[in-house]
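Each remark here refers to the structure printed beneath this line.
Residue numbers (the UniProt record's numbering), protein chains in the order written: chain A, 1 to 439; chain B, 1 to 337.
Printed below as a string of structure tokens:
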């Protein structure tokens, strides 16, 4: 039985916090806190992937899609309702969605009634096509009406106008619901089929979010989302803030931004702590032991009477739900919902790098992996630019090559991440903080 | 009768010819994926970037040739530069195999580990491409634009609708045909090709029979990279070269390979056309097509489009899911999933 020594777990965190402190002193505390916030969000995403891959060996390459669904939840929950759009197109949209759901239900019911392969396929095709035709006929005029309402600022249904923190829960539920459907279809097949299927679903989710303007304005973005923390401008007028500024001797503008970012750090740290605690409890429980048994030898676990399919589905839903929560937090932090920024390299594969580098199967490992990898991802840009600036100085100030290289220096971060992933996978396949061997 | 002919010509111009060209590009890409799967048994997520980097090198050499005034008008200069792109990419892929995959092959790691390693390779390649050529669109097509244009066709046949054939489309079709024929001759007739198929069928038995596993792997990578570069360049000629696009192409390419059956070359080709035509035909607006066939008052109000063009990925995905549900081994595969 080899357990990690305490130092092996604590040291990487110490290194990370020293790095953030150095950023604070050398660059600025605003930058350091921005990085810290993104690190916390990334850690939650990495925990979601770790639950799926580390606990159960499921390959989810659709992280981007679940993140975006979490972001959508913020719009649906927190944005004020656009009453005019609801009056014009709300009933139509609801009816269209009802037709889609009814089609799915009727099709599934019909499939159990009809026997015979060919007949089943025929019934399914006819019902699905009819349902799609009906839904598009109903949706078309309604969405057009909604998108016509004050298109420069609104042109969508808006949300429910509820507190934004509620959206974090809804984001998790939305992603978990999507994971249920995908899991029903793709789980139980070869590992690479699940990887490809999830990648495909995430692309489609992004395509829907970018093109269905009535839902969340598509590529026109939803900006100015409500915040769970006070606005800098309002804060600067308060009594306690002026006192704080005079005590610290800092200028009010940078101080207010630091305070706001610290507030986010606090909120995110609470969520991360809660999820970490739950994940650790789950890992140590009999359920966690079953999960590991299934991962390490599916056939044997099945023979022992464990329902592998059900366990896989559950872990897939839980992991995706966690990613959805992180997605909602990310959109809240940004204060805007921008579907076009979701790129698979950044939102899916980077999270995978975090989990592999940190240590799959170990929640602390995934967390510190997310911290360090996000730090490297951000700092690779200034360091890369500086490095290229320094090495190409001999080419002269107005060299075309030098200009081009400097312009694209930020892209080197992809190379750094790829090399990092490959090196860890090869030389330390269990990551920075390896999984604890339990007997 | 003339209405019917017009309708057919219209559909051919906007759906069938582009679908054939796109299908050929997908088929070449899917062939590369399927060959690697047959021999190394993993889905190579870096394949899109392999296509992209090969196309990038070809573009650089094309620009060089253009600046030297070399041209094979009316054909695009990129065809001359293609061998350079292929040689570079094959060398790069073989180097990657030595540095990355060979170790896991020796250790007989699980296929999921290969999958994750290919994500690392994808990251490195994507970074290099964006660092070198930048993330923007590049246009490198030259030579004659059309073999025959809509106007030529109309003048020749006297129909209202016209059919155009772009040079790049013809080049795509011919190149794809040559590649596929050459590949099948190689796999069916040559000793090396047969040893490759034997290795794909049963690795251990083939090795015991004296087939050199290292050689088979090298050839599989070489073929896969060659096809990837050709597919990438043809796609770039037909549309335009954009680093991001190749990552988006990964889904239809995988879908094509899976529909046909991962590991089956025939399946990859059929799958490529199935996906391409499904995408094109479901996103085509049939209004004008129906206008030639139906009386005016029967016409639908809308565009008569089943699905917006933005959702063509969804078509590839739906076909993929249907395949996974009904026949997970694909259309042309004997091996179980």
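In this text, a Cβ means the ideal position worked out from N, Cα and C, and glycines have one as well.
For the region 238-311 of chain B, the full-length alpha helix (DSSP H) segments reaching 4 residues or more read 243-260, 265-282, 287-293 along the chain.
By the Cβ test, the region 301-318 of chain A is in contact with the region 185-197 of chain A, since at least three Cβ pairs between them sit closer than 8 Å. The beta carbon of residue 95/A sits closer than 7 Å to the beta carbons of 138 from its chain, once the five residues preceding and following it are set aside; these are given in chain order. For residue 193/A, same chain residues with a beta-carbon under 7 Å away, outside a window of 5 residues either side, are 186 in chain order.
In the structure shown, the three-state DSSP call for residue 336/A is strand. Linking residue 242/A to residue 264/A through their CA atoms gives a straight-line distance of about 21 Å. The Cβ neighbour count for residue 185/B, taken over all protein chains shown within 10 Å, is under 16; the residue is labelled exposed.
Taken in chain order, the unbroken stretches of alpha helix (DSSP H) that lie wholly in the region 116-165 of chain B and span 4 residues or more are 150-157. Just so you know, the alpha carbons of residue 83/A and residue 34/A end up roughly 36 Å apart. In this structure, the beta-carbon distance from residue 26/B to residue 227/B does not fall below 9 Å. Of all residues in the region 136-170 of chain A, those with a C-beta nearer than 8 Å to a C-beta of chain B are 140, reading in chain order.
Taking 9 Å as the cut-off, the Cβ atoms of residue 50/B and residue 78/B do not count as close. According to the DSSP secondary-structure assignment, residue 223/A is paired through a beta bridge with 336/A. Annotated as proximal: residue 116/B and residue 425/A, with beta-carbon spacing under 9 Å.
Excluding five sequence positions before and after residue 251/B, the CB atoms of its chain that fall closer than 7 Å to its own CB belong to 313, 316, 317, given in chain order.
When DSSP states are grouped into helix, strand and coil, residue 158/A belongs to the strand group. Out of 280/B, 158/B, 311/B, 264/B, the CA that lies nearest to the CA of residue 198/B is found in 264/B. In this structure, the alpha-carbon of residue 203/A lies about 45 Å from that of residue 210/B. Interface with chain B (9 Å Cβ-Cβ cutoff): residue 389/A is excluded. CA-to-CA, the gap between residue 345/A and residue 59/A works out to about 15 Å. In this structure, 150/B is the residue among 55/B, 150/B, 192/B, 331/B with its C-alpha nearest to the C-alpha of residue 14/B.
Sequence-distant Cβ neighbours of residue 317/A in its own chain, meaning closer than 6 Å and more than five residues away, are 176, 179, 180. Interface with chain A (9 Å Cβ-Cβ cutoff): residue 67/B is excluded. Minimum Cα-Cα distance from residue 133/B among the listed residues 18/B, 60/B, 297/B corresponds to 60/B. At a cut-off of 9 Å between C-beta atoms, residue 250/B counts as an interface residue with respect to chain A. Residue 141/A places its beta carbon 9 Å or farther from that of residue 218/A.
Of the residues 155/A, 428/A, 66/A, the one whose Cα lies closest to the Cα of residue 170/A is 66/A.
Residue contact with chain B for residue 408/A: present (Cβ-Cβ distance below 9 Å to some residue of chain B). Proximity of residue 426/A to chain B, defined by a Cβ-Cβ separation below 9 Å, is satisfied.
Residue pairing by DSSP places residue 81/A opposite 158/A in a beta bridge. When CB distances to chain B are screened at a threshold of 8 Å, the residues of the region 180-193 of chain A falling below it are 185, 186, 189, 190, 191, 192, 193, in chain order.
Linking residue 284/B to residue 12/B through their CA atoms gives a straight-line distance of about 11 Å. Per DSSP, reduced to three states, the secondary structure at residue 342/A is coil, with no helix or strand assignment. A Cβ-Cβ distance of about 5 Å is found for the pair residue 236/A and residue 256/A, placing them in contact under the 8 Å criterion. In this structure, DSSP gives residue 21/A a helical state, which the three-state scheme calls helix. Proximity of chain B to residue 344/A at the Cβ level (cut-off 8 Å) is accounted for by 247, in chain order.
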